[in-house]
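Below is one structure, written out as structure tokens, with a few remarks after it.
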Amino acid sequence: MRPTAALLACAALVAPAAPAAAQEACALPADRYDMTAAQVDALYDCMEGRMIDGYQAQGDAVAMAYRGWTQASTRPAVAGVHGERFLNTFVNDVAAEQYLRFEEGTFEMPVGSVLAKEMIGVRGNGEARRAPLLIMTKVEDAPETDGWRYSGVQPTGQALNVSQSFCHDCHGGYDASDSMGYPLEEVRASAE
Ligand code: HEC
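The sequence shown begins at 576 in the numbering used here and counts up one residue at a time.
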């Protein structure tokens, strides 16, 4: 049966609120490498809610927990790696004390350490876009990756398929910091 004009008009009236994807865009005010700290903070404020909602959409355990952990950086920053996205790292209680020393030397992160890194990407038109949450977990086994398990959560909440060797081919190069890259020096959080 074809809907009547009245029914169609009614459907238009009860059209749902704009879905997350149609939220107002968060545009970058300048080239990502030239933004001031205040501009980065404003961009993050614009993206934060939709980003977290996405990571948590399927109840992933790390996605649900990481915002209660220690933030390892004072703000997101573009380091160049990870697709030139804005990076913002959180570390769990097992990891925090050692990670926040940003040590270079012969040490190993304790088993049970979990590091979660938010990422915000940039579209060709200069608008920010949600990107995956990337995760490193220190485990007992996995000698081929120096004890690290790499994983991730998509902006839809689904698990991200990651290649252990792809991630570790780069991270393993940071052999003076147990495979950790650490945030840029100017945005490292202090230990207190
Ligand atoms: C080309 C090199 C490179 C590749 C490939 C790479 N990373 Fe990273 N990653 C880095 C660097 C450098 C940092 C530190 C950058 C920053 O936080 O500003 C980092 C940071 C991280 C962090 C925060 C903890 C830390 O190291 O300080 C996590 C978690 C992470 N990466 C996960 C992954 C995962 C998962 C993959 C594979 C999908 C991956 N990385 C691939 C270079 C790389």
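By construction, the Cβ of each residue, glycine as well, lies at the ideal position given by its N, Cα and C atoms. Because the structure is a prediction, the values reported are computed rather than measured.
Say the cut is 6 angstroms; is the CB of Leu708 nearer than that to a heavy atom of ligand 1?
no
Excluding the 5 residues preceding and the 5 following Arg607 in the sequence, name in chain order all residues of the same chain whose CB lies nearer than 8 angstroms to its CB.
Val653, Glu659, Phe661 and Val697
Whose C-beta lies closer than 7 angstroms to the C-beta of Gly727 among residues of the same chain, with five residues either side of it excluded?
Pro707, Leu708, Leu709, Ile710, Leu735 and Val737
Proximity to Pro758 [Cα-Cα], best of Asp750, Met684, Leu675 and Ile627:
Leu675
With a threshold of 6 angstroms (Cβ to nearest heavy atom), would Gly722 be considered close to ligand 1?
Answer for Gly722: no, Cβ out of range of ligand 1.
Residue burial classification, Met639 (beta-carbon count within 10 angstroms, cutoff 16):
exposed
So the alpha helix (DSSP H) Arg625 belongs to, where does it begin and stop?
Ala612 to Tyr630
Do Ala751 and Ser648 come within 7 angstroms of each other at the CB atom, strictly closer than that value?
no
For Ser688 versus Ala670, is the C-beta spacing smaller than 7 angstroms?
Yes, these two residues count as a Cβ contact at 7 angstroms.
Nearest neighbour of Asn663, chosen from Leu690, Glu679, Met684 and Gln673 [CA to CA]:
Leu690
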